[in-house]
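Quick note: to get the working numbering, add 12 to the position in the sequence shown (first position is 1).
Note that beta-carbon positions come from the ideal geometry of N, C-alpha and C, so glycine has one too.
Here's the structure we're looking at; comments come further down.
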Amino acid sequence: MKIGRWLNNKSHDDKNGLYASLDELMDMRRYIAYVKGWQKNKILSCQNGDIKSAFKGRGIEFEEIRSYTFGDDVRDIDWRVTARKEVPYTKVYSEEKDYEIYVWLDLSEQMLFGSKKELKSVTAAKVAALLGWLSLENKDRFGCLIFDGEKTKLYKSQNNRIHLMAILKNISLASKQVLTRKFFDEGARAKSLKLLEQTVKNKATVFLLSDFSLNKDNLLNSLAMLAKKNKLYLINVFDILEENPPKSGEYMAEYNGKRLVFDSSAKGYKRDYFSYFAKKRSELRDFANKLGCKVIDLRTDMNIIDDLKFY
C-alpha cells in the first residue's frame, strides 16, 4: 500500500508513529515536572551565576539589599552594610528572564526511518516540543528552525504560548508532509545551518535534533562558529536497527529506488554490523569534541525522559 493512501486510511489515528500529531506535541508538556526534577541544583553553564536559562540556576542581576534571614547564602552578605547597621544584611539577585533557547529540527528524508514504535523524525519532533514547553515554563525565549530537506521554516525566539503553539503546529504539519515527497539536498542543509548561525545570538543554548548521517566535514564547518559562541547540544536520534542487527535470515532493503537482498546469518555479519555503527557513533563523539559540545543519544523505541539528560 502506498504511504499516501495509508495516511488517508489512518487519518483518525493520532499516534501512528509516522508523523508527530499536534496532540502528541501538546502532550509533551506533562513531562516538564520530570525534566525539572533532574535539573534541580544543576546548570548548563561552565560557572554558576553566569547567565540564567531554562536549564540553570540563579542569574547575577543585583536587585536589592535586605535583612539577612535564615537560609540565605552567607556568601551574599553585604559586610559594609552589616558593619554599619550592626545586624547582618544580604544582597538579593534577580534571575535574568531573557535567555535564548534554539532548536534546529531535522525532518529531512533520512529521518523517515523507524523499525519499532515510531520514525526518527517523530522522536525528534517530540523532543523539540518538550524543549519548547520547558523554555516557556522557565520564561526563556524559544526559537526553532524546521528543516524538511528542501527549505527551512524559521521562528525567531519569543516567550509566549501563542508563539510556541505556532511552532508546534508547523512541526506537526511538516512531519506529515515529508512522508509523501522525497527531497534532500546537502546544500539546502548547509544553508539551513548557516541561517541558524546568523539567527542565534551569543550565549544561547542550541539543540540540534538529527541522526547526523551526513558529511561531518561540512557540518563541522557550519557549526564551528556557532559552538564557539553558544552552548551546543547534538541530540543523536537513532533506531534500534542502527544499534542491533536483525535476526538471522534473508532481508530485502530498498532506498532511493534501489533494492538489496542480504543474509544476516552470514559469517561475520553481526561483527561487521556492530563495528559499522559503533564507528559512526565514535566519529560523532570525536566530531563533538572538536566543537566542544555534548552528544545525547536517543533511541526511538525508548522513553524520551529516560534518555534525555542534559548533564
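For my contact list, glycine 161 and alanine 200 are in at a C-beta cut-off of 8 Å; report their separation, rounded to the angstrom.
Correct: roughly 7 Å between the Cβ atoms.
Among the residues of its own chain, which have a CB less than 8 Å from the CB of alanine 278, if the five just before and after it don't count?
Correct list: empty, nothing qualifies.
Return the first residue and the last residue of the beta strand (DSSP E) that leucine 221 is part of.
217–222 is the span of the beta strand (DSSP E), which, as asked, contains leucine 221.
Three-state secondary structure (DSSP) at glycine 155?
Looking at glycine 155 - three-state DSSP - the assignment turns out to be strand.
For aspartate 152, count neighbouring Cβ atoms within 10 angstroms of its own Cβ and tell me buried if that reaches 16, exposed if not.
Buried.
For tyrosine 101 and aspartate 85, what's the separation of their Cα atoms in angstroms?
Between tyrosine 101 and aspartate 85, the C-alpha separation is close to 11 Å.
Which stretch, first to last residue, makes up the alpha helix (DSSP H) that contains serine 294?
Unbroken alpha helix (DSSP H) run through serine 294: 281–303.
To which residues does DSSP link aspartate 275 through a beta bridge?
In DSSP, aspartate 275 forms a bridge with Glu262.
With leucine 244 as the anchor, note down where its alpha helix (DSSP H) starts and where it stops.
Run containing leucine 244: none in the alpha helix (DSSP H); it sits in the beta strand (DSSP E), 243–250.
Given lysine 241, which residues of its chain have a CB within under 6 Å of its CB, disregarding the five upstream and five downstream residues?
For lysine 241, where only same-chain residues beyond five positions count, the Cβ hits under 6 Å are Asn214.
Give the DSSP-derived three-state secondary structure of leucine 310 in the structure shown.
Strand at leucine 310.
I need the straight-line Cα distance from asparagine 359 to valine 104, nearest angstrom please.
Only positions 13 to 323 of the chain appear in this structure, which leaves residue 359 out of reach.
In terms of residue numbering, what span does the alpha helix (DSSP H) encompassing glutamate 198 cover?
Note, glutamate 198: alpha helix (DSSP H), 198–211.
I need the boundaries of the beta strand (DSSP E) containing leucine 117, first residue and last residue.
Per DSSP, leucine 117 belongs to the beta strand (DSSP E) from 112–118.
Looking at the structure shown, is valine 99 part of a helix, part of a strand, or coil, going by DSSP?
Looking at valine 99 - three-state DSSP - the assignment turns out to be coil, as it is neither helix nor strand.
Are the beta-carbon atoms belonging to lysine 128 and aspartate 313 less than 9 Å from one another?
Cβ distance < 9 Å, so lysine 128 and aspartate 313 count as in contact.
For glutamate 254, collect the residues of the same chain with a Cβ closer than 6 Å to its Cβ; drop the 5 residues on either side in sequence, then sort them by chain order.
Hits under 6 Å: Phe289.
Name, in chain order, the residues that DSSP records as bridge partners for glutamine 170.
Looking at the DSSP assignment, glutamine 170 forms a beta bridge with Phe154.
Should the segment 25–41 be regarded as contacting the segment 171–186, the criterion being three or more beta carbon pairs within less than 8 Å?
At 8 Å Cβ cutoff, the stretches touch.
Secondary structure at lysine 188, three-state DSSP: helix, strand or coil?
DSSP places lysine 188 in helix when its eight states are reduced to three.
For glycine 304, collect the residues of the same chain with a Cβ closer than 7 Å to its Cβ; drop the 5 residues on either side in sequence, then sort them by chain order.
The residues are Ala239.
Between valine 273 and alanine 236, what straight-line distance do the alpha-carbon atoms span, to the nearest angstrom?
Each residue's Cα considered, the two are about 40 Å apart.
Check whether the segment 113–125 and the segment 201–221 touch, using three or more Cβ-Cβ pairs below 8 Å as the test.
Segments in contact, yes.
Compute the beta-carbon to beta-carbon distance between valine 134 and leucine 221, rounded to the nearest angstrom, for a pair I have assumed lies under 8 Å.
The pair is not a contact, with the Cβ atoms about 11 Å apart (cut-off 8 Å).
Between lysine 259 and serine 234, is the Cβ-Cβ spacing less than 9 Å?
No; because the gap between Cβ atoms is not below 9 Å, this pair is not in contact.
In angstroms, rounded to a whole number, what distance separates the CA positions of serine 169 and glutamate 36?
Rounded to whole angstroms, serine 169 to glutamate 36 spans 22 Å at the Cα level.
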